[in-house]
Every structure is written in C-alpha cells, then in structure tokens.
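Numbering (our numbering), first residue to last: 5 to 206. Written out below as structure tokens is the structure these notes cover.
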C-alpha cells in the first residue's frame, strides 16, 4: 500500500518527493536571493563531492570549502560553528548561513553513522518542511575539544592541514571549475587567511 499526502509547506505530495532528486526539490524551496541559481549550483557541487568522497563528520571542512566557493562568486555568507539540538540530543556542527537561512551539506553523513537529507535554505529536502533541528543552541557542556581547536587555528592553517589528497586548497580550485571559477591557490590562501568563523549561540 502506498500512502500519498500533501506537504503543508510546499504543497508537494510525498510520492512526488520520493520520485524527485534533492536538486529539483531545492529549486522549489521558497528562497529569494539575487544569486539564487549560483547558490543552488554551489550547494549541489558540494553534495556531489560528498557523494563521490564520503567523509562522515566532515562538517567543519565541507562548510569551509563551500564558504570559499560562495565568496568567490560574490555571495555574502557566514561560516557558522556551534551546537545543534535534535530532539534532546546536542552535537557540535558547522554550516553556512545566507540571509539567516541554513545551508547544511554535511548533515547527510554524521559521525554517529546516520544518513540525513541535506538542508537548503533551512528546508529539509527529505520532507520539504523547515528543518526540525535547532541550529545554534547551547548544551550544558558547550563545544567539544575538536570544535574548540577548529576555532583556535587560523583558517589557512586549518585548510592546509586537512587530510585531503593533494590538499584542500587544490580541491577548492578543482571544485571551482565546476562553477566556472578560475582560482589560484596562492591567491586564495592570502585572501582567506584571516577568515573568522561565526559562533552561533541563541
């Protein structure tokens, strides 16, 4: 038996959702921005990269890469770090925010082995409702040692020391080609060396 019902927020049947790719669903999410198409394309360049190179718990790295790619296209965004609350469970996380909306590629592969739909403009692409996760919440224990270290080291050092074949800066350059960007590693390192992460606490 197959149940079919309407999603209250986007008016899409759940049967239709199951038959659509995340890319198509994201195109229907209500999000107005003058560079919406570029944001959409960058988001799915990152999703494709994660699919090709699975890396559970790589939220700090993936968000850093996406941040540079967005900024190189003139898109204002925040590279956020903080805690996320899901039901009664807290976990440290990094994500991107554009105009206050959450863009979360890394949530698809978490350290505890769970698979989740990505979040585009604060919408869960698996249900097409606004995500039930609460980004920027505070737990009694606060950020763990890994997140604290990410905050302490410079952006350039973090990117340069990340364990990616051929280096993360070169990976950013390569991914940029998919967005018709011509990037140079030396220029990127100089431009983003003083990048600060935004600690989100509500």
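Glycine included, every Cβ here is placed at the ideal spot set by N, Cα and C. Since we're looking at a predicted model, the values are computed, not measured.
- A direct Cα-Cα distance of roughly 25 angstroms separates residue 150 from residue 135.
- With 16 or more neighbouring CB atoms inside 10 Å of its own CB, residue 74 falls in the buried class.
- Rounded to the nearest whole angstrom, the CA to CA distance from residue 146 to residue 87 is 8 angstroms.
- Check the Cα spacing between residue 191 and each of 183, 130, 184, 160: the tightest is with 160.
- Under DSSP, the beta-bridge partners assigned to residue 101 are 82, 106.
- Between residue 139 and residue 33, the gap from beta carbon to beta carbon reaches 8 angstroms or more.
- In its chain, beyond the 5 residues on either side, 73, 76, 77 have a beta carbon closer than 8 angstroms to the beta carbon of residue 185.
- For residue 204, no alpha helix (DSSP H) segment is defined; the enclosing uninterrupted segment is the beta strand (DSSP E) at 202-204.
- Each of 57, 104, 189, 162 was checked against the Cα of residue 112, and the nearest Cα belongs to 57.
- Contact annotation, residue 63 with residue 71: C-beta distance approximately 12 angstroms; criterion of less than 8 angstroms not satisfied.
- Around the beta carbon of residue 108, 16 or more other beta carbons lie within 10 angstroms, which makes this residue buried.
- Taken through DSSP and simplified to helix, strand or coil, residue 119 comes out as strand.
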